[in-house]
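Novice:
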Amino acid sequence: MKIAEDGVARRGRKIDEAEAATRRMELLEAAANCFMRTGYHATSIDDVARSMGCTKGFIYHYHATKTDLFFDVHREGMRRLFAAVEPAMASAGDALAVLRAMLLAHARAMMDHHAFETVVAQGVQIHRFGATTPDQRRTLDDLIASRDRFEALFKAQTLRAAEAGLLGPVAPSIAVKMMLGALQWSIFWYRPEADAGEGARDRLAEEMVRTIIDGLRARPAAG
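Going by the working numbering, the sequence shown opens with residue 6, and the numbers climb by one from there.
(1) For D162 versus M107, is the C-beta spacing smaller than 8 angstroms?
(2) Give the straight-line distance between the Cα atoms of A80 and L188, rounded to the nearest whole angstrom.
(3) Just to confirm, is the Cβ distance from F40 to T48 under 8 angstroms?
(4) If contact is defined by three or more beta carbon pairs under 8 angstroms, each pair taking one atom from either stretch, is the region 113 to 122 in contact with the region 77 to 96?
(5) Could you please give the first and the last residue of the uninterrupted alpha helix (DSSP H) stretch that includes E203?
(6) What did DSSP end up calling A14 once you bin it into helix, strand or coil?
(7) Rank A102, E34, G82 by C-alpha distance to the C-alpha of S151 and give the top, closest one.
(8) On the DSSP letters alone, give me the boundaries of the alpha helix (DSSP H) that T72 sits inside.
(9) Do you know whose CA, among V103, A95, D52, lies nearest G171's CA?
What follows is the structure in structure tokens.
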């Protein structure tokens, strides 16, 4: 009887943990959308609670402050970028084909997770210009370090493509900042509600990446 009761208790805990994880993700989604619409400073915990249809107490159960909530949304945005791009690094083809696959994955992630990636960009601005406490700045430093690791994936692949003679005369560190900057700028002009039917995001990602790659690709020698 005791074994059966223990089994029921464990299953109950797993269900509770799964439900808590689902609710926490719903909270991050609601917060991301609020921060995207009105920015960090203008968004309140009340706004997030109304958006989610929960109490402020529920939010404070997971996050002590609005800043803590913002940081968690930022972390989730970076997690989603890594989750999108890392599998693309194993793509078939030469170094330029792999770089192209990584850029496509990044472009799609910027659209698929538009609100989260907007918050990631807001985090960079707060890091550069915002008034933060020492503890907050340490957390922001960790988040920026995560962005640096993400950028390093592209820098390494760009260097491989350049060393293979597949790119024109480019400085990989500058080329990467321009590539990622072009894709990340989409948070300012892309509107999910304007998607024109099935495959619209794939077509847009293809067009953005084609434009980037065409500008970097090695050209045949004249004559």
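For each residue, glycine too, the CB sits at the ideal point set by N, CA and C.
Bear in mind that the values here come from a model prediction, so they are computed numbers and not experimental data.
Specialist: With the structure as the only source:
(1) Walking along the sequence shown from the start, residue 162 turns up at place 157. Walking along the sequence shown from the start, residue 107 turns up at place 102. It is worth fixing the name first, because residue 162 is Gln in this sequence and not Asp. Q162 places its beta carbon less than 8 angstroms from that of M107.
(2) The count along the sequence shown starts at 1 and reaches residue 80 at position 75. The count along the sequence shown starts at 1 and reaches residue 188 at position 183. Note on residue identity: the sequence assigns Arg, not Ala, to residue 80. Near 19 angstroms, if we compare the C-alpha coordinates of L188 and R80.
(3) Locating residue 40 in the sequence shown gives position 35, where the first residue counts as 1. Locating residue 48 in the sequence shown gives position 43, where the first residue counts as 1. In contact: F40 and T48 (Cβ atoms closer than 8 angstroms).
(4) Enough Cβ pairs lie closer than 8 angstroms, so yes.
(5) By 1-based counting over the sequence shown, the position of residue 203 is 198. Note, E203: premise wrong, no alpha helix (DSSP H); not H, not E.
(6) Along the sequence shown, read from residue 1 onward, the residue named residue 14 stands at position 9. The predicted model places A14 with a pLDDT of 47, which falls under 50 and marks its position as unreliable; any figure quoted below should be read in that light. In this structure, A14 counts as helix in the three-state DSSP scheme.
(7) Position 146 of the sequence shown, counted from the start, is the residue given in the question as residue 151. Of the candidates A102, E34, G82, the one whose C-alpha sits nearest the C-alpha of S151 is G82.
(8) In the sequence shown, residue 72 corresponds to position 67, counting from 1. If you look at T72, you'll find it in the alpha helix (DSSP H) that goes 71 to 93.
(9) To locate residue 171, count along the sequence shown from 1; it is residue 166. The displayed chain sequence assigns Leu, not Gly, to residue 171. Per the Cα distances, V103.
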